[in-house]
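Working notes, structure below.
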Amino acid sequence: MVGKTGVLIVNLGTPDSPSVPDVRKYLREFLMDGRVIDYPAIPRWMLVNLIIAPFRSPKSAKIYKELWTENGSPLKIYGEANEKQLQAALGDEYVVKLAMRYQSPSIESGLKAFQKMGLNNIIVIPFFPQYASATTGSVYEEVMRIVTKWQVIPEIKFLNYFYNHPKFVSAFAEMGKKHLEAHDYEHVIFSYHGIPARQIRKGDCTGNTCKLGSCCDSITAMNQHCYRAECFETTRLLVKELGLKEGTYTTCFQSRLGRETWIQPYTEDVVKDLAKKGIKKVLAFSPAFVADCLETTLEVGEEYKELFEENGGEHWQLVESLNDSDAWIELLVDLVKE
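Be aware that the sequence shown starts at 123, since it is given in my numbering, and climbs by one per residue.
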């Protein structure tokens with residue numbers, strides 16, 4: 123090897139602060155991404171800049187203030203820790219840089235740093251276990267937008283997904299086992315971030331494979347890049363590792379926005395139904411996230427807990443994400459070296 127290998131680890135992003143202006147700036151950058159809101163440019167601009175960002179920013183800022191710590195956003199704190207941990211684990215043959223798809227540190231700043239180092243190759247690892255156009259696909263697009271302007275482009279490798287890596291499955295399962303051993307939970311939910319059903323159908327290259335139903339019962343050549351199918355497969359792998367019995371777990375999808383149909387079942391509906399059926403103790407996984415953030419800590423950990431209790435439930439427990447655990451760093455090392 124003539125030069126070193128650059129490793130760009132990328133998570134979604136976070137506002138620079140929980141202030142309304144910074145949250146508005148973040149939402150505009152995030153939602154103006156054509157892979158996130160896949161409307162034509164002009165309607166998307168009007169929706170984001172005239173409706174969503176102005177009216178949603180104050181409410182979102184209050185939520186981010188609940189999440190914020192004295193050191194900043196947990197997602198960024200864990201990302202910075204991962205950068206240092208992975209660098210130490212990989213050694214001097216690698217250069218590790220943290221980037222966020224939206225806000226700072228940017229993908230462009232990380233790649234520009236690599237450009238000046240004479241690297242042998244670059245490995246891009248999006249921190250999204252399952253592939254989705256709005257997450258991993260967006261990272262790919264941004265990286266390619268930047269490097270296509272370079273005169274010399276080194277070899278670049280992208281990690282598409284890692285939901286089925288044995289160390290990912292075992293790491294998340296171990297996080298859950300300590301809770302299962304502490305309480306006799308009646309039901310386990312696996313809640314994944316939702317996306318519009320339209321985006322799943324757009325990803326069906328055959329035009330007739332996607333039914334948003336039983337077609338997700340197994341991974342095949344035709345659905346291997348389908349986010350919904352990958353989520354259900356993640357659940358099956360975790361269920362096997364945890365030794366859960368049929369009928370004691372549910373896969374569902376959170377964070378639905380607007381009136382449009384998103385992938386189902388919706389976590390909100392599942393939570394209500396479980397409580398109304400007399401289920402008193404629920405353990406909740408959120409395996410689409412590797413770092414605790416607004417969608418895990420507040421949405422799954424607090425909002426759904428309140429909803430569960432309002433409808434008759436008694437004990438709700440969120441399984442923490444991989445965050446800065448040794449198991450997560452061991453997995454990242456494997457992903458880099460494989």
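Glycine included, every Cβ here is placed at the ideal spot set by N, Cα and C.
When L444, E390 and E452 are compared, the shortest CA-CA separation from V422 is found for E390. Within the DSSP bridge table, the entry for F407 names F312 as partners.
Contact check between the stretch 284 to 295 and the stretch 350 to 370: three or more CB pairs, one atom from each, fall below 8 Å, which counts as touching. Taking T418 as reference, the option from V132, I159, L149 and Y186 with the minimal CA-CA separation is Y186.
Looking at the DSSP output, V246 sits in a beta bridge with L130 and F280.
Remark: C-beta atoms of V246 and F280 approach each other more closely than 7 Å. Rounded to the nearest whole angstrom, the CA to CA distance from Y349 to F312 is 14 Å.
DSSP places T389 in no beta strand (DSSP E) but in the uninterrupted alpha helix (DSSP H) bounded by T389 to K398.
Our two residues, Y148 and N204, have alpha carbons roughly 22 Å apart in a direct line. Annotation: H301 to S443 spans about 13 Å, alpha carbon to alpha carbon. Counting the other Cβ atoms within 10 Å of the Cβ of K238 gives fewer than 16, which makes it exposed. Beta-bridge partners of F375 (DSSP): Y314 and Y388. The alpha helix (DSSP H) runs lying completely inside the stretch 343 to 376 and spanning 4 residues or more are 349 to 364, given in chain order. If you draw a straight line from the Cα of Y224 to the Cα of E151, it comes to about 6 Å. Distance check between E192 and each of W167, S139, Q209 and S182 places S139 closest, using alpha-carbon atoms only. Relative to G125, the option among P137, E368, L241 and F294 whose CA is nearest is L241. Contact check for G232 against K219 passes: the beta carbons are separated by less than 7 Å. Annotated as distal: L366 and H309, with beta-carbon spacing of 7 Å or more.
Sequence-distant partners of D339 (beyond 5 residues in either direction) whose C-beta falls short of 8 Å from its own C-beta, in its chain, are F354.
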